[in-house]
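**Q** Quick one: the structure is below, questions incoming.
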Amino acid sequence: MPKKSVKEWAIKVVETLTIFRRSLIFQTKEFFQNSTLHGVRYIAESGRPVGEKFMWFCFTTIGAVTALVIIMSLWEKFQTNPTITGLDTDFHNQNVVFPSTIVCPEIPFDHDKAYDWAYRTLSNYDHPTATMIAPFLELLTSLNFYNVNEAYALSTSVSANILKEINLREAAFKVHISCEDTLTECKYRDEPITCCTHFDRVYTEHGICFAFNSRFKSDAKEDVNGAAPHDLYETDKKWALYFVPNGTAKVFIFSNEEYFGSDFNAQIEWEDNQKVEARISKKNTYTTDDARQLTIGQRKCIFYDEVKLQYFPEGYTFSSCMKECRMKRAIKFCKCNPPFYKPIPSVPTCGVSDLLCLEKNKANITNIRNCMQCELSCSKTVFNIEKLIKNTEKTDDTGVLVEFLTWPIIRYKREVLFGWVDLLVSFGGIASLFLGFSLLSGVEIIYYFTLRACCMVYKNRQELYEIEEEIKRRPPPAINLSLRIMSYVSKPAPAAGAAVDHNLLRNNLKSKQRNEKSITLSKRNNFNMNVPEKIKELNRRRKADKDYTGYSKGLYKSTKIIPQYNDSNGDWKYGQYLP
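In my numbering, the protein residues as written are 904 to 1482.
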């Protein structure tokens, strides 16, 4: 591009920007004079005393600040507490899903199985080597992040070639204690049941356990969905589960919807020859579909179909989200999946060589602050132990009884207290009360400072040139540097009863009007002499467009003398407004 063309283009751009700036200033005056906002038009109104303008400016500012403070408080309420949880009265339970009951034996391994497998398979019938391998295999049945250092220490006492090819998950399933050796007697709804038919094996951070009514069950290759949940009916003879462990064990009670893991703590610790009775209550909280309009952070819960987890796609729960978070962090740091987690086809299971990595990174893997994206489920069921009775006296009636204290008839409902419509109504009411602001007022602001300002640049460019030129030619106001107090000498008032010469006043008025007219014509001629030829040409070719400057409430009208008003202060001049 030639330098001359670039220079001309730059001049045009600067000229357009200057004219656009003048258009914005002009539209600002127009907006203040025609605005529907309360008090705004009095601020820019010509002829108003400065004190009155300042008063209206203060009133408008106070109203705007007050409205803004109230609106911000409403916005904070909408962001932090837009829901309310109350009792659902329109509810009657026909059937209840019995809670998942997990029994984790204190000794989850079978020593004979561990030694036999180590002796026959791993040590090639070498008794000393099998004796050293067996403790490591036994620890795999209760492996977690808190004893992984112990497992690593045991692995170092054995030849690396022996344990190198071992699949730790499969090894744990080969040496764990059987269900028949864990539970001896079971009853459900006061009817005898086969324990190992209804209690499934699960492998988690708590080791190998046996679960009644669990959502999943484990084997050496994968975790699969559990059987259909066991229900209770109000007409059942007893709303209870009874079982007798074969040794010291921990008992966990939680909702059938959750995935068992390290997020749960044992409610019952059973020892030999004890009779433990746990009376439980059920509290269910659900969220109405109206809450879907809110964000997850606002309602502080996630619907079951709202977030699809990568490793637990069946449905969202808090426990499955936390477990997946720990799995992902373990895979990130050690490039393998710990054996006590659900197997993933595309990720290898951690071996003996990876135990040291798990030990070094266990703090980062198990830190709950790294899983802040996990929220509670919007449909959550909690089982609380209302009464726990332990009988340590030796009796023939030993075991654990988990029973509902009363039939569950209470349900809680979380619903929207302050939604988007309520927020919009509140904002509109506050803005209208303090400022007279509405939705169309916002549209009006956008219209004045975008569409109307741009249109004036292209359609009324000549008026903007004239205004800009007149401002440039306007002499600066004189600055009085004296420190004297200005005095005003008033004209002597006519004596009381003296006749007023109306002819004299009328002649003065006509004389002043003729002087003002001649001054105006002189200024116009001087202005036309200094206007560039380009602007004159535009002026000659300009169409009879609508004159925007004529609608500014007479900004360019000449002042007039009111002949009927005369007092001791002399002749008063007024603009287009009366005070």
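Glycine residues also receive a C-beta, built at the ideal position from the N, C-alpha and C atoms.
No experiment lies behind these values; they were computed from the predicted model shown.
Using the Cα positions of alanine 1233 and glutamine 1276, report the straight-line distance between them to the nearest angstrom.
**A** The residue labelled residue 1233 in the question sits at position 330 within the sequence shown. The residue labelled residue 1276 in the question sits at position 373 within the sequence shown. Spanning the alpha carbons of alanine 1233 and glutamine 1276 requires a straight line of approximately 17 Å.
**Q** Pick helix, strand or coil for leucine 1320, following the three-state DSSP scheme.
**A** Reading the sequence shown from its first residue, position 417 is the one you call residue 1320. Coil, per DSSP.
**Q** For leucine 1342 and alanine 947, what's the separation of their Cα atoms in angstroms?
**A** For the purposes of this step, residue 1342 is taken as residue 439 along the sequence shown, with counting starting at 1. For the purposes of this step, residue 947 is taken as residue 44 along the sequence shown, with counting starting at 1. Rounded to whole angstroms, the gap between the alpha carbons of leucine 1342 and alanine 947 is 23 Å.
**Q** Mind checking who glycine 950 pairs with in its DSSP beta bridge?
**A** Here residue 950 refers to the residue found at position 47 of the sequence shown. Glycine 950 is not bridged to any residue.
**Q** Check whether the stretch 970 to 990 and the stretch 1008 to 1020 are in contact - that is, three or more C-beta pairs closer than 8 Å.
**A** no
**Q** Going by DSSP, what residue range makes up the beta strand (DSSP E) through tryptophan 1173?
**A** Working through the sequence shown from its first residue, we reach residue 1173 at position 270. Its beta strand (DSSP E) spans residues 1171 to 1173.
**Q** What is the DSSP secondary structure of lysine 1449, reduced to helix, strand or coil?
**A** For this step, residue 1449 is matched to residue 546 along the sequence shown. Bear in mind that a pLDDT of 44 at lysine 1449, under 50, signals an unreliable position, so the number given afterwards is only what the model happens to contain. Correct three-state label for lysine 1449: coil.
**Q** Should asparagine 1159 and asparagine 1116 be called a contact, given that it needs their Cβ atoms to be closer than 9 Å?
**A** As a position in the sequence shown, residue 1159 is number 256, starting the count at 1. As a position in the sequence shown, residue 1116 is number 213, starting the count at 1. The answer is yes: Cβ separation under 9 Å.
**Q** Since phenylalanine 1337 and serine 1280 are thought to touch, with beta carbons under 8 Å apart, how far apart are those beta carbons, to the nearest angstrom?
**A** Within the sequence shown, residue 1337 is the residue found at index 434, counting from 1. Within the sequence shown, residue 1280 is the residue found at index 377, counting from 1. Phenylalanine 1337 to serine 1280, Cβ: 42 Å. No contact.
**Q** Evaluate leucine 1043 with the Cβ neighbour count: other Cβ atoms within 10 Å of its Cβ, from every protein chain shown; 16 or more gives buried, anything less gives exposed.
**A** Numbered from its first residue, the sequence shown carries residue 1043 at position 140. Buried, since its Cβ has 16 or more Cβ neighbours within 10 Å.
**Q** By the 10 Å Cβ neighbour count, where 16 or more other Cβ atoms means buried, how is phenylalanine 957 classified, buried or exposed?
**A** If you number the sequence shown from 1, residue 957 lands on position 54. Counting Cβ neighbours within 10 Å, phenylalanine 957 comes out exposed, since fewer than 16 surround it.
**Q** Candidates Asp1103, Ala1152, Glu911, Thr1252: which alpha carbon is nearest alanine 1130's?
**A** Looking up residue 1130 in the sequence shown gives position 227. Alanine 1130 has its Cα closest to that of Asp1103, out of Asp1103, Ala1152, Glu911, Thr1252.
**Q** Shortest alpha-carbon distance to glutamate 1083 belongs to which of Ala1194, Thr1097, Asp1122, Val999?
**A** For the purposes of this step, residue 1083 is taken as the residue at position 180 of the sequence shown. Here the closest residue by C-alpha is Thr1097.
**Q** Could you give the distance in angstroms between the alpha-carbon of asparagine 1149 and the alpha-carbon of arginine 1195?
**A** Translated into positions along the sequence shown, residue 1149 becomes position 246. Translated into positions along the sequence shown, residue 1195 becomes position 292. Each residue's Cα considered, the two are about 48 Å apart.
**Q** Work out the CA separation of asparagine 1176 and arginine 1202 for me, nearest whole Å.
**A** Residue numbering aside, residue 1202 sits at position 299 when the sequence shown is read from its first letter. Residue numbering aside, residue 1176 sits at position 273 when the sequence shown is read from its first letter. Taking the straight line from one Cα to the other gives about 47 Å.
**Q** Taking only heavy atoms of the ligand HEM into account, decide whether any of them is closer than 8 Å to the Cβ of threonine 1295.
**A** The ligand HEM is absent from the structure shown, which contains no ligand whatsoever.
**Q** Any idea what DSSP makes of tyrosine 1145, helix, strand or coil?
**A** As a position in the sequence shown, residue 1145 is number 242, starting the count at 1. Tyrosine 1145: strand per DSSP, three-state reduction.
**Q** Let me know if methionine 1230 comes out buried or exposed under the rule of 16 or more other beta-carbons within 10 Å of its beta-carbon.
**A** As a working note, residue 1230 is residue 327 in the sequence shown. Classification for methionine 1230: buried.
**Q** By alpha-carbon positions, which one of Cys1112, Gln1170, Glu911 ends up nearest to isoleucine 1292?
**A** The sequence position of residue 1292 within the sequence shown is 389, counting from 1. Selected option, being the one with the closest Cα: Gln1170.
**Q** Could you check if alanine 1143 is buried or exposed, using at least 16 other CB atoms within 10 Å of its CB as the buried criterion?
**A** Reading the sequence shown from its first residue, position 240 is the one you call residue 1143. Alanine 1143 is buried by the Cβ-count criterion.
**Q** Taking tyrosine 860 as part of the beta strand (DSSP E), name the residues at either end of that continuous run.
**A** Because the chain in this structure spans residues 904 to 1482, residue 860 falls outside the shown range and cannot be described.
**Q** Report the rounded CA-to-CA distance for tryptophan 912 versus glutamate 1371, giving the unit in angstroms.
**A** Mapped onto the sequence shown, residue 912 falls at position 9. Mapped onto the sequence shown, residue 1371 falls at position 468. Approximately 21 Å, taken between the alpha carbons.
**Q** Counting only the same chain and skipping the five closest in sequence on each side, list residues whose C-beta sits under 8 Å from that of glutamate 1041.
**A** Counted from its first residue, the sequence shown places residue 1041 at position 138. Answer for glutamate 1041: Phe1012, His1014, Ala1017, Val1078, listed in chain order.
**Q** Tell me which residues share the same chain as leucine 1259 and place their Cβ nearer than 7 Å to its Cβ, disregarding the 5 neighbours each side in the sequence.
**A** Within the sequence shown, the letter at position 356 stands for residue 1259. Counting only Cβ-Cβ distances below 7 Å, and skipping sequence neighbours, we find Tyr1055.
**Q** Expressed to the nearest angstrom, what Euclidean distance is found between the alpha-carbon atoms of tyrosine 1207 and serine 926?
**A** One-based indexing of the sequence shown puts residue 1207 at position 304. One-based indexing of the sequence shown puts residue 926 at position 23. Going by the C-alpha atoms only, they are around 56 Å apart.
**Q** Going by other Cβ atoms of all chains shown within 10 Å of its Cβ, with 16 needed for buried, is leucine 1354 buried or exposed?
**A** Your numbering for residue 1354 matches position 451 in the sequence shown. With fewer than 16 Cβ atoms within 10 Å of its Cβ, leucine 1354 is classed as exposed.
**Q** Could you name the residues that DSSP lists as bridge partners for histidine 1079?
**A** Locating residue 1079 in the sequence shown gives position 176, counting from the first residue. DSSP, once it has assigned bridges, lists Phe1012 as partnering histidine 1079.
**Q** Helix, strand or coil, according to DSSP, for isoleucine 1005 in the structure here?
**A** By one-based count along the sequence shown, residue 1005 stands at place 102. It is a strand residue.
**Q** May I ask you to list the residues that DSSP assigns as paired with glycine 1302?
**A** By 1-based counting over the sequence shown, the position of residue 1302 is 399. Lys1178.
**Q** Given that a residue counts as buried once 16 or more other Cβ atoms are within 10 Å of its Cβ, and exposed if not, what is arginine 1377?
**A** For the purposes of this step, residue 1377 is taken as the residue at position 474 of the sequence shown. Flag for arginine 1377 reads exposed.
**Q** What are the start and end residues of each continuous beta strand (DSSP E) run of 3 or more residues lying completely inside the stretch 961 to 1000, in chain order?
**A** 986 to 990, 998 to 1000
**Q** At what residues does the beta strand (DSSP E) containing isoleucine 1312 begin and finish?
**A** Walking along the sequence shown from the start, residue 1312 turns up at place 409. Element bounds for isoleucine 1312: n/a, residue is neither H nor E.
**Q** Taking lysine 1141 and aspartate 1093 to be in contact with their CB atoms under 8 Å, please state how far apart those CB atoms are, rounded to whole angstroms.
**A** By one-based count along the sequence shown, residue 1141 stands at place 238. By one-based count along the sequence shown, residue 1093 stands at place 190. That belief holds up - the Cβ atoms of lysine 1141 and aspartate 1093 are roughly 4 Å apart, short of 8 Å.
**Q** Could you give the distance in angstroms between the alpha-carbon of leucine 1212 and the alpha-carbon of serine 1223?
**A** What you label residue 1212 is simply residue 309 of the sequence shown in a count that begins at 1. What you label residue 1223 is simply residue 320 of the sequence shown in a count that begins at 1. Rounded to whole angstroms, leucine 1212 to serine 1223 spans 8 Å at the Cα level.
**Q** Pull the bridge partners of glycine 1110 from the DSSP assignment, please.
**A** In the sequence shown, counting from the first residue as 1, residue 1110 sits at position 207. According to DSSP, glycine 1110 bridges with Thr1107.
**Q** Rounded to whole angstroms, how far is the Cβ of tyrosine 1106 from the Cβ of phenylalanine 1243, which I believe are closer than 8 Å?
**A** As a working note, residue 1106 is residue 203 in the sequence shown. As a working note, residue 1243 is residue 340 in the sequence shown. The pair is a contact, with the Cβ atoms about 6 Å apart (cut-off 8 Å).
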